[in-house]
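Colleague: Take any residue in the sequence shown, note its place counting from 1, add 1144, and you have its number in this note's numbering. Here a beta-carbon is modelled for each residue, glycine too, at the ideal position from N, C-alpha and C. Small disclaimer: the values here were computed from a predicted structure and weren't measured.
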Amino acid sequence: MDQKLTQEIQNWLAMPADKRTIADLQHGALLVLRLSNNQILYNNLVRNPQQRAADIEYQLKKYAQFRLANLTHEQVVTMQAQVNTIAKRDHLDTPTNTPAEKRAATLEFKKGKRADHDSLPKEIQALYVENLSLLQKMRNLHTKLTLLSTEQHTCPDSERYPFLKELIALDKTYHANWKQYDTFGRDGE
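1. Only counting the same chain, and skipping five residues up and downstream in sequence, which positions put a Cβ closer than 7 angstroms to that of ASP1146?
2. Three-state secondary structure (DSSP) at ASP1146?
3. Between the beta-carbon of LEU1308 and the beta-carbon of LEU1289, is there less than 8 angstroms?
4. Determine, for LYS1163, whether the minimum Cβ-Cβ distance to residues of chain C falls below 8 angstroms.
5. Please report how far the alpha carbon of TYR1202 lies from the alpha carbon of VAL1221, in whole angstroms.
6. Determine, using beta-carbon pairs with one atom in the segment 1261–1279 and one in the segment 1310–1327, whether at least three such pairs fall under 8 angstroms.
7. Whose C-alpha, out of MET1282, THR1150, LEU1285, LEU1311, is nearest the C-alpha of PHE1210?
8. Whole angstroms are fine: how far does the CA of LEU1175 sit from the CA of PRO1193?
9. Based on Cα-Cα distance, which residue from ARG1304, LEU1285, LEU1292 lies nearest to ASP1315?
10. How big is the Cα-Cα spacing for ILE1268 and TYR1318?
11. Using CA atoms only, rank isn't needed, just tell me which of GLU1152, ASN1181, ASP1234, ALA1197 is closest to ARG1164.
12. Select from ASP1168, SER1180, LYS1148 the residue whose C-alpha is nearest the C-alpha of LYS1206.
13. Which same chain residues, not among the five before or five after TYR1305, have their C-beta less than 8 angstroms away from its C-beta?
14. Please return the same chain residues whose Cβ sits closer than 7 angstroms to the Cβ of ARG1283, not counting the five positions on each side in sequence.
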């Protein structure tokens, strides 16, 4: 699917209706022609574009919805693969149901604490503490995604996408924090 055309449709639809010029409407009609390959529809739309502005918008919204659904599905598939890698690497699928398991997970987390932790600046120490809560949020999101599993029932990509996006963002922050924490004072800071 042509992503450039999808972006062009989105840009056209994002333009305020009262700001669209005749040239913009003609461009919208041309987009409809490119999408539908219906010359008769195109001729009707460009004959009087101001009068047919609502029809042009309707046609473009119809095609945009279809194209964005495919785009979102492709993104979700890619993001799900990325989340699966994150889950294995960070052991997000390891359950910590009982208080004893949670304590053990916290103790395991503390193994990453530097020997000079107490002498580090407060903002660097805070990164270490923040990572514990980030890891817990990532586990919670992973659990939600597991419950929304597409293997057991149909779940629209639009429901999975925000969780996938948030988990990937949290993972980036989590690893950036570790990098900053681990390298502080050792790389000339």
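Modeller: Reading from the atomic positions:
1. Cβ within range, chain order: n/a, list empty.
2. In the structure shown, the three-state DSSP call for ASP1146 is coil.
3. The answer is yes: Cβ separation under 8 angstroms.
4. Among the protein chains of the structure shown there is no chain C, as only one such chain exists.
5. TYR1202 and VAL1221 have their C-alpha atoms spaced approximately 29 angstroms apart.
6. Judged by Cβ distances under 8 angstroms, the segment 1261–1279 makes contact with the segment 1310–1327, as three or more pairs qualify.
7. Residue THR1150 is the option with its Cα nearest to PHE1210.
8. Each residue's Cα considered, the two are about 13 angstroms apart.
9. It is LEU1285.
10. Each residue's alpha carbon lies about 13 angstroms from the other.
11. That would be ALA1197, whose Cα lies nearest to the Cα of ARG1164.
12. Among ASP1168, SER1180, LYS1148, the Cα nearest to that of LYS1206 is on SER1180.
13. Non-local beta-carbon contacts of TYR1305 in its own chain, meaning distances under 8 angstroms to residues more than five positions away in sequence, involve THR1216, GLN1219, VAL1220, MET1223 in chain order.
14. Contacts found: LEU1236.
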